[in-house]
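>
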Amino acid sequence: MKKALRAFEKYMTIERDLSENTVRTYLSDLKQFDDYLNENSLTLDEMNLSEIRKYLGLAYAEIEPSSAARRLSSLKSFFQFLLREGRIGFNPVKLIQSPKQKSTLPKFATVEQANRLMLAPLVSAWRTFRDLAILETLYSTGIRVSECENLLLDNIDFEGGLITVIQGKGRRDRIVPIGSKAIIAIKAYLKVRPFKSKSVFLNSRGEPLTDRQIHRIVTEYSVMIGRPDLTPHSLRHSCATHMIEGGANLIEVKEMLGHVSVSSTARYVHIGVDTLMKEYLKAHPRANLPAKRRSFEVSGAVLPDEKPSPRIMAELRHEQARYARENH
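Numbering follows UniProt numbering, with no gaps: position 260 of the sequence shown is 260.
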């Protein structure tokens, strides 16, 4: 099994050109599978459909559906690789369907909460300057936590207000705008940090921060503003949501986030009911009566009367007559 895992790691890194984080996730999932084989004295050749289901049943009982789906996906890729390489004669995992998941949107901060989050670090020691720079960078650019972890000084164009994201997810390099407040925060941090390094964000030993350490930093300040559920991904989500609300189109945001498909970016669109109704009344050709003539309220969810009033009926007949005149 260990030899097969090493070969699979090489295949993912070289042939599929996957990012380091993606490879690490695959191997972590497969380590759980390897532990199961060892604990039950099983070999890969003995893993038939029944045994695979038994393993997944035990795993599913301990993890969330999203994690279960990811673990199954890792297992499918691994067994497909083994079949392709001739290491097994049959792939039993391909017969197993992925567990159903609830379609949930990642959490995001409001603009007011994002502003409060940026005020949470009380800049005094160099680490608090660093923490503010991290928060500003994540929210300003929408980059992934792994991309923040790997950010180098050479990747930042301080004058142009741009950063180059090197080897992001899927190894797709891209150029991303970064706001002036984030630039100011990074410059202030660089002036006081006690270490020299090509990496931007460092820990207390002068080493690049890991993704887990960045997660902990974001959580620390999220708790301070009463939003302990916020994560680096929440700030990425907040960046995309606030840009779209501010008028950016999905294609622009897609390129900035490094998404392959615009459908991934569409998950970051949050439209309130009142905003939706306002846009609907403005845009739809059959929804252009003045708001005062509508027999419902958006926010209060008031249902129309069972029987329309004579006034509303007269208005409807008037609209129908006008429509008939204009189209004949």
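In this text, a Cβ means the ideal position worked out from N, Cα and C, and glycines have one as well.
#1: With distances taken from CA atoms, which of R130, K31, L235 is nearest F201?
#2: Check whether the stretch 107 to 125 and the stretch 146 to 158 are in contact - that is, three or more C-beta pairs closer than 8 Å.
#3: How is P194 classed by DSSP in three states: helix, strand or coil?
#4: When burial is assigned at 16 or more other CB atoms within 10 Å of the CB, is S180 buried or exposed?
#5: By how many angstroms is the C-alpha of A7 removed from the C-alpha of L142?
#6: Tell me P177's beta-bridge partners as DSSP assigns them.
#7: Taking three-plus beta-carbon pairs below 8 Å as touching, is the stretch 208 to 222 in contact with the stretch 133 to 141?
#8: For a minimum of 4 consecutive residues, which ranges assigned as the alpha helix (DSSP H) are wholly contained in the UniProt domain "Core-binding (CB)" (1 to 83)?
#9: How many Å lie between I14 and R174 at the Cα?
#10: Quick one, are the C-beta atoms of L30 and S74 less than 9 Å apart?
#11: So what's D229 in DSSP terms, helix, strand or just coil?
#12: Classify G57: buried if its beta carbon has 16 or more other beta carbons within 10 angstroms, exposed otherwise.
#13: Whose CA, out of A69, I186, E255, lies closest to the CA of E240?
#14: I need the boundaries of the alpha helix (DSSP H) containing S199, first residue and last residue.
#15: Excluding five sequence neighbours on each side, which residues of the same chain lie with their C-beta closer than 6 Å to the C-beta of M224?
#16: In this structure, does DSSP put L122 in helix, strand or coil?
#17: Find the nearest neighbour of P228 within the set K2, L82, A114, judged by alpha-carbon distance.
#18: Pull up the distance between the alpha-carbon of A248 and that of S28, whole angstroms please.
#19: Short of 8 Å in beta carbon distance, which residues of its chain neighbour R70, apart from the five on each side in sequence? Order them along the chain.
#20: Taking the DSSP output, what are the residues bridged to D157?
#21: Going by DSSP in three states, L138 sits in which element: helix, strand or coil?
#22: Which of the three DSSP states is assigned to L209 in this structure?
#23: How close, in whole Å, do the beta carbons of I96 and L72 come, if the pair is a contact with beta carbons under 8 Å?
#24: Since L152 sits in a beta bridge, which residues does DSSP pair it with?
#25: Under a three-way DSSP split, which group does N115 fall into?
#26: Can you say whether P232 is buried or exposed, counting buried as having 16 or more other CB atoms within 10 angstroms of its CB?
#27: Taking only the alpha-carbon atoms, compute the straight-line gap between T219 and K54 and give it to the nearest angstrom.
Walking through what the data contain:
#1: R130
#2: no
#3: P194 sits in coil when the DSSP states are folded into three classes, being neither helix nor strand.
#4: With fewer than 16 Cβ atoms within 10 Å of its Cβ, S180 is classed as exposed.
#5: In the sequence under discussion, the amino acid at residue 142 is Gly, which differs from the Leu named in the question. Each residue's Cα considered, the two are about 34 Å apart.
#6: L162
#7: yes
#8: 2 to 10, 20 to 39, 49 to 60
#9: Linking I14 to R174 through their CA atoms gives a straight-line distance of about 21 Å.
#10: yes
#11: coil
#12: exposed
#13: The question names Glu, but residue 240 in the sequence shown is Ala. The option with the nearest alpha carbon to A240 is E255.
#14: Taken as a continuous stretch (DSSP letters only), S199 belongs to no alpha helix (DSSP H), as it is neither H nor E.
#15: Only A120 meet the Cβ criterion.
#16: coil
#17: A114
#18: The alpha-carbon atoms of A248 and S28 are separated by roughly 37 Å.
#19: T25, D29
#20: L162
#21: L138 carries a helical assignment under DSSP once its states are collapsed to helix, strand and coil.
#22: coil
#23: Sure, about 7 Å apart at Cβ, within 8 Å.
#24: S199
#25: helix
#26: buried
#27: If you draw a straight line from the Cα of T219 to the Cα of K54, it comes to about 36 Å.
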